[in-house]
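First residue of the sequence shown: 148, per my numbering; consecutive thereafter.
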Amino acid sequence: MIALYLSGLAFALGAALLWGTAGPILRIIGTYGVDILTVNLIRYGASSIVLWIVTFTAARRREKPSWSWKNALFILGSAGMLTSSLGLNVAFLRISVGLAMVLYYTAPCWVMLGTWFFSRRIATLYQIVAFLLAIAGVWKAVGGARLSGSFDLIGVAAALTGAVGYAFYVLNGHFGPGRGDSFGLFRRTFFAAAIMMLLLNIVTGNLGALFSIPARAWLLLLYLAIFNSLVPYGFFLMALSRVSGNAASIATMSEVPFSMAAAFLMLGERPELGAVIGGALVLLGVGVMTFDKGEGSR
148 MIALYLSGLA FALGAALLWG TAGPILRIIG TYGVDILTVN LIRYGASSIV LWIVTFTAAR
208 RREKPSWSWK NALFILGSAG MLTSSLGLNV AFLRISVGLA MVLYYTAPCW VMLGTWFFSR
268 RIATLYQIVA FLLAIAGVWK AVGGARLSGS FDLIGVAAAL TGAVGYAFYV LNGHFGPGRG
328 DSFGLFRRTF FAAAIMMLLL NIVTGNLGAL FSIPARAWLL LLYLAIFNSL VPYGFFLMAL
388 SRVSGNAASI ATMSEVPFSM AAAFLMLGER PELGAVIGGA LVLLGVGVMT FDKGEGSR
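This is the structure we're talking about:
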């Protein structure tokens, strides 16, 4: 049992480690002149192709895959996943990786607000404390950035928008057609996001940029699609099969320090003191939420 538990934590930490490399890799891709729209088109497109190959291969051996698309929350969740990526990508390019991740990790609090709305439950004491800690963490992180001269309003707004977008994706999993079919939700959401990205690139006349991407940049883009999306998600599912959801979620909170370490090693970027303290407060708030049993009154 101990070995199984430790392997579950190892998978969760592995997912967090891979997710933490996104910011520095995106910065490096930007040096090749590849814009955010192109990055996400390739990321979602390549991921969707792999997911659908896996789906149809599995469907030949077992049951037919689910095709539940007609749900307003699903569309909102798909747009949320896309907004999550675009917002965080913009933040990575305008503010420090550490500050961007601190702001992005307010997502559980936005999920909590959405849950209050959909379930009509009154907030519990744990939830209120967690939300206040997260707000205090954001206040400290942003204040530290202002003092150090690295504050950028667009970058901060983009990171928070990304957090809200991710919250919509999670809420779709709780209240939408993704409930009880996490892999199906992941597959369909990625496919819908890829279609949205394709349309966005067509409207902006950005498709031509695909033919001018250098080979080295392609390798980094495929890294984002495979090792920053599919592999860590698979690791997280493996973790959930071995440990509780709370334990896996707490372990993946290490993504924040991992992202700061990756930014330092790859870019030589040192996180602001305010981001470190603010990040600790945000993660403390997320940790407090794991003690909540969700038993507010209707």
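The C-beta atom is built at its ideal place from N, Cα and C for all residues, glycine as well.
Just so it is clear, the structure is predicted and the values come from calculations on it, not from any experiment.
**Message:** According to DSSP, is Arg-417 part of a helix, a strand, or is it coil?
**Reply:** coil
**Prompt:** Can Ala-292 and Ala-422 be called in contact, C-beta distance under 9 Å?
**Reply:** yes
**Prompt:** With distances taken from CA atoms, which of Ala-159, Ile-149, Ala-150 is nearest Tyr-380?
**Reply:** Ala-159
**Asked** Looking at the unbroken alpha helix (DSSP H) that takes in Met-385, where does it start and where does it end?
**Response** 378-387
**Request:** Could you say which of Ser-243, Thr-351, Phe-382 lies nearest to Ser-154 if we only look at CA atoms?
**Result:** Of the candidates Ser-243, Thr-351, Phe-382, Phe-382 places its Cα closest to the Cα of Ser-154.
**Prompt:** By a C-beta neighbour count over all protein chains shown, 10 Å radius and 16 as the cutoff for buried, is Phe-239 buried or exposed?
**Reply:** With 16 or more other Cβ atoms within 10 Å, it is buried.
**Prompt:** In three-state DSSP terms, what is Met-259?
**Reply:** helix
**Prompt:** So, helix, strand or coil for Pro-361, using DSSP?
**Reply:** coil
**Prompt:** Cα separation between Leu-377 and Ser-194?
**Reply:** 7 Å
**Item:** Presumed contact (8 Å Cβ cut-off) between Leu-164 and Phe-405, rounded CB distance
**Value:** 5 Å
**Message:** Using only CA atoms, which one of Ala-362, Gly-167, Val-403, Val-186 lies nearest to Ala-340?
**Reply:** Val-186
**Prompt:** Taking C-alpha atoms, which residue in Leu-428, Ser-401, Leu-371, Gly-425 lies nearest to Ile-175?
**Reply:** Leu-371
**Rounded Cβ spacing between Val-289 and Phe-298 (contact assumed at less than 8 Å)** = 7 Å
**Integer Cβ distance of Arg-334 from Trp-199, believed to fall under 8 Å** = 7 Å
**Ile-397 (DSSP reduced to helix, strand or coil)** = helix
**Asked** Starting from Val-244 and walking both ways along the alpha helix (DSSP H), at which residues does that stretch end?
**Response** 244-251
**Message:** With H, G and I counted as helix, E and B as strand and the rest as coil, what does DSSP make of Phe-298?
**Reply:** coil
**Prompt:** Among Ala-427, Leu-384, Arg-417, which residue has its Cα nearest to the Cα of Met-400?
**Reply:** Ala-427
**Asked** Should Val-237 and Ile-183 be called a contact, given that it needs their Cβ atoms to be closer than 9 Å?
**Response** yes
**Asked** Going by beta carbon distance, what residues of the same chain come within less than 7 Å of Leu-414, once the five residues before and after it are set aside?
**Response** Its chain contains Pro-171, Arg-174 as the residues whose beta carbon lies nearer than 7 Å to that of Leu-414, once the 5 sequence neighbours on both sides are disregarded; these appear in chain order.
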